[in-house]
Amino acid sequence: MTLPERINVLIRLGEHLRGEDEYLDALMHRTSFNNSWFTIENQKEAVSAIAQNMLRTEKLEAWLQRYAMPAETVPQTVGIVMAGNIPLVGFHDLLCVFVAGHRALVKLSDKDQYLLPYLLRVMGRFDERAEAYFNITQQLKGFDAVIATGSNNSARYFEAYFKDYPHIIRRNRNGIAVLTGEETEAELLELGKDIFQYFGLGCRNVSKIYVPRGYDFDPLLEALHEYRQAVLHTKYKNNFDYNYAIHILNKEEFKANGCILLREDSSLQSRIASLHYEYYDKLEAVEREIERRKEEIQCTIAREGLLKHPAFSFGKAQHPELWDYADGVDTMDFLLGI
Numbered sequence: 008m009t010l011p012e013r014i015n016v017l018i019r020l021g022e023h024l025r026g027e028d029e030y031l032d033a034l035m036h037r038t039s040f041n042n043s044w045f046t047i048e049n050q051k052e053a054v055s056a057i058a059q060n061m062l063r064t065e066k067l068e069a070w071l072q073r074y075a076m077p078a079e080t081v082p083q084t085v086g087i088v089m090a091g092n093i094p095l096v097g098f099h100d101l102l103c104v105f106v107a108g109h110r111a112l113v114k115l116s117d118k119d120q121y122l123l124p125y126l127l128r129v130m131g132r133f134d135e136r137a138e139a140y141f142n143i144t145q146q147l148k149g150f151d152a153v154i155a156t157g158s159n160n161s162a163r164y165f166e167a168y169f170k171d172y173p174h175i176i177r178r179n180r181n182g183i184a185v186l187t188g189e190e191t192e193a194e195l196l197e198l199g200k201d202i203f204q205y206f207g208l209g210c211r212n213v214s215k216i217y218v219p220r221g222y223d224f225d226p227l228l229e230a231l232h233e234y235r236q237a238v239l240h241t242k243y244k245n246n247f248d249y250n251y252a253i254h255i256l257n258k259e260e261f262k263a264n265g266c267i268l269l270r271e272d273s274s275l276q277s278r279i280a281s282l283h284y285e286y287y288d289k290l291e292a293v294e295r296e297i298e299r300r301k302e303e304i305q306c307t308i309a310r311e312g313l314l315k316h317p318a319f320s321f322g323k324a325q326h327p328e329l330w331d332y333a334d335g336v337d338t339m340d341f342l343l344g345i
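For the sequence shown, this note's numbering gives the first residue as 8, with consecutive numbering after it.
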């Protein structure tokens with residue numbers, strides 16, 4: 008397939024996903040039964056983000072203008088080890104491999120087994136030649152390069168196992184937000200999306216906030232209380248109750264509003280149903296902290312123009328553009344070079 012033909016398949020997939028699909032709805036119910044963290048709402052949110060931000064003509068054209076795309080490609084087989092923390096989290100890697108003209112050898116997470124294979128079948132309906140670009144397997148064999156996503160622990164194994172191949176290995180990262188205390192109620196409500204979407208399980212979810220010394224937490228806690236439906240989810244509530252009990256037993260200081268626990272902590276990674284915070288005296292200190300810990304940070308949320316570092320607007324953490332690469336590694340550039 009030529010590049011325009013591959014792009015056309017993706018555009019048609021986007022059009023399809025923006026419409027109604029009863030079979031996809033049924034698969035979402037099956038997925039939710041298999042993994043209760045993947046609620047129907049969260050799956051629909053993930054599909055919508057892909058359809059709106061990745062599979063529109065203008066988005067794809069703007070993205071590809073950044074690269075000198077070759078007229079012809081010598082296809083390589085790229086192994087993709089997908090994470091399973093949020094629905095369809097590895098779709099962007101798959102899209103990049105397809106657009107680059109390579110073949111994807113995909114190892115799915117057992118937490119997300121049904122949605123992606125169906126999307127690939129839909130692409131095959133639009134052009135049966137697309138089917139040759141994808142192969143789902145239980146074990147990676149016969150690959151030329153690898154993109155693997157996992158925890159810090161699994162990344163060490165990936166590094167050792169795939170060291171002789173061109174590779175991208177991704178580790179744990181987290182989202183952070185920088186507040187000034189001047190945020191409006193609407194902005195704090197949008198921040199709630201960055202914190203609560205996918206129950207905070209995504210690497211782009213905000214798990215820590217930086218606030219000025221003397222910050223008044225009451226408006227934030229009140230805004231975040233609008234997401235109290237999260238505690239109706241059994242697993243989330245179990246984590247909330249457990250962490251609440253641990254704080255009480257350890258006599259730790261914390262703040263709570265019934266659906267999330269706020270605790271002062273220097274760590275960027277917080278437990279489920281928890282949010283860390285840290286005080287700052289000057290924004291320059293936060294800038295230095297972001298630079299120092301850039302290998303731990305997936306994305307930063309702040310008011311436009313507040314920081315020198317790139318930042319997303321409130322509510323946009325889980326809506327990256329095609330060029331907002333995970334871990335800051337340009338996947339397309341990597342694929343064009345193998």
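Cβ coordinates follow ideal geometry from the N, Cα and C atoms, glycine included.
If you're wondering where the values come from, they're calculated on a predicted model, not measured in any experiment.
Status (buried if at least 16 other CB within 10 Å, exposed otherwise) for residue i
i      : result
Gly21  : buried
Asn49  : buried
Thr307 : buried
Pro94  : buried
Asn160 : exposed
Phe169 : buried
Asp225 : exposed
Phe40  : exposed
Ala167 : exposed
His99  : buried
Local conformation of residue i per DSSP, three classes
i      : result
Ala75  : coil
Arg177 : strand
Thr9   : coil
Thr38  : helix
Ile345 : coil
Leu158 : Per the sequence shown, the amino acid found at residue 158 is Ser instead of Leu. Coil at Ser158, not helix or strand.
Ser55  : helix
Glu29  : helix
Phe165 : helix
Residues that residue i bridges to, as DSSP identifies them
i      : result
Ile143 : Val113
Ile153 : The amino acid at residue 153 is misidentified as Ile; the sequence shows Val. Per DSSP, Gly86, His174.
Would you mind listing the alpha helix (DSSP H) stretches within the stretch 257 to 338 that are 4+ residues and don't spill past its ends, in chain order?
-> 290 to 299
Write down every uninterrupted run of the beta strand (DSSP E) in the stretch 179 to 255 whose length is 3 residues or greater and which is fully enclosed by it, in chain order.
-> 181 to 185, 213 to 219
Continuous beta strand (DSSP E) assignments of at least 3 residues falling wholly in the stretch 58 to 135 | 84 to 88, 110 to 114
Any contact of the stretch 211 to 231 with the stretch 177 to 188, i.e. 3+ C-beta pairs under 8 angstroms?
-> Enough Cβ pairs lie closer than 8 angstroms, so yes.
If you pair each beta-carbon of the stretch 129 to 138 with each one of the stretch 106 to 118, do three or more pairs fall below 8 angstroms?
-> no
Would you be able to state if there are at least three C-beta pairs under 8 angstroms between the stretch 271 to 284 and the stretch 191 to 209?
-> The stretch 191 to 209 vs the stretch 271 to 284: in contact.
Stretch-stretch touch, CB-based, cutoff 8 angstroms, three pairs: the stretch 142 to 160 with the stretch 112 to 129 | yes
Per the contact definition of three or more C-beta pairs closer than 8 angstroms, is the stretch 71 to 90 in contact with the stretch 149 to 162?
-> Because the criterion of three Cβ pairs below 8 angstroms is met, the stretch 149 to 162 and the stretch 71 to 90 touch.
Determine, using beta-carbon pairs with one atom in the stretch 326 to 339 and one in the stretch 52 to 67, whether at least three such pairs fall under 8 angstroms.
-> yes
Please determine if the stretch 296 to 316 and the stretch 243 to 251 are in contact, where contact requires at least 3 C-beta pairs separated by less than 8 angstroms.
-> no
Assess, as a yes-or-no matter, whether the stretch 252 to 261 is touched by the stretch 287 to 299 under the definition of 3 or more beta carbon pairs within less than 8 angstroms.
-> no
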